[in-house]
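Read in our numbering, the sequence shown has 207 at position 148, and its numbers run on one by one without any break. We put the beta carbon where it would ideally sit given N, CA and C, even for glycine. For reference, the structure discussed in these notes is given below.
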Amino acid sequence: MTWRPWVGLTLLILALPAQPQSEATQATWVGMVTYVVDGDTVHVRPSNGGAVHKIRISGMDAPEICQIGGAASRQALQARVLRRSVTLRMQGVDDYGRDLALIYLSGEDVGQWMVQRGHAWSYRYLRDSGPYVQEEVHAKLLGRGLFAEMSPEYPREFRRRYGHCPYRH
């Protein structure tokens, strides 16, 4: 059998210990919100430095930025978290390649806060009403935010009818 250098290199690489993950890819990490894209997406720089990550807040769905209530939703999230230190508990990656995370500001669940104030819906999937359904019902009863309108359109339906809003950062 002849020696193939790539076989030895492959075996050497496989034998090396795995490199520790960066703070941003671990299950829970802390970072600074540097930009608010819309009512459910932010950019966060890990506290130890490194690249900014585009984070979709898990468990909620805010109106599209070009949809009625979209700008108000973004403004509410911006006022709450922009340039503030937050804790992220990673939940996976969405269909658009954004990291999904629960975000906490001083221990408070930001997604829950947004839904309680009527700036977002509890994220629905099939027959699941989502984690913040009680907060959404309460916001509707009080006519808060989006729910001051008679029947605000759920973002998924809005996208189905009109498509996505023009490009945003």
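Next on the checklist: Using only the alpha-carbon positions, how far apart do ALA83 and VAL95 sit?
Outcome noted: Residue mapping note: residue 83 aligns to position 24 of the sequence shown, counting from 1. Residue mapping note: residue 95 aligns to position 36 of the sequence shown, counting from 1. Here the model assigns ALA83 a pLDDT of 46, short of 50, so the residue's position is not dependable, and the following value carries that caveat. Their backbone Cα atoms lie some 18 Å apart in a straight line.
Checklist entry - Since ILE116 and GLY170 are thought to touch, with beta carbons under 8 Å apart, how far apart are those beta carbons, to the nearest angstrom? => result Here residue 116 refers to the residue found at position 57 of the sequence shown. Here residue 170 refers to the residue found at position 111 of the sequence shown. Contact flag correct, Cβ pair sits at about 5 Å.
Item to check | In DSSP terms, what SER181 is bridged to | outcome: Here residue 181 is taken as the residue at index 122 of the sequence shown, counted from 1. SER181 pairs with MET119.
Checklist entry - Do ALA160 and LEU147 have their CB atoms nearer than 8 Å? => result Walking along the sequence shown from the start, residue 160 turns up at place 101. Walking along the sequence shown from the start, residue 147 turns up at place 88. Yes, the Cβ-Cβ distance between ALA160 and LEU147 is below 8 Å.
Next on the checklist: Using CA atoms only, rank isn't needed, just tell me which of GLN126, TYR221, ARG186, VAL111 is closest to GLU208.
Outcome noted: In the sequence shown, the residue the question calls residue 208 occupies position 149. Ranking GLN126, TYR221, ARG186, VAL111 by Cα distance to GLU208 puts GLN126 first.
Checklist entry - Can the beta-carbon of ALA259 be found closer than 8 Å to that of ARG215? => result Nothing about residue 259 can be reported from this structure: the residues present for the chain run from 60 to 228 only.
Checklist entry - From this set, ASP168, ASP97, ASN107, ARG104, which residue's C-alpha is nearest SER132's C-alpha? => result The sequence position of residue 132 within the sequence shown is 73, counting from 1. Ranking ASP168, ASP97, ASN107, ARG104 by Cα distance to SER132 puts ASP97 first.
Item to check | Delimiting residues of the alpha helix (DSSP H) encompassing MET149 | outcome: Your numbering for residue 149 matches position 90 in the sequence shown. Looking at the DSSP string, MET149 is not in any alpha helix (DSSP H); the run it does join, the beta strand (DSSP E), is 144–152.
Item to check | Terminal residues of the beta strand (DSSP E) in which ARG186 lies | outcome: Looking up residue 186 in the sequence shown gives position 127. Per DSSP, ARG186 belongs to no beta strand (DSSP E) and is neither H nor E.
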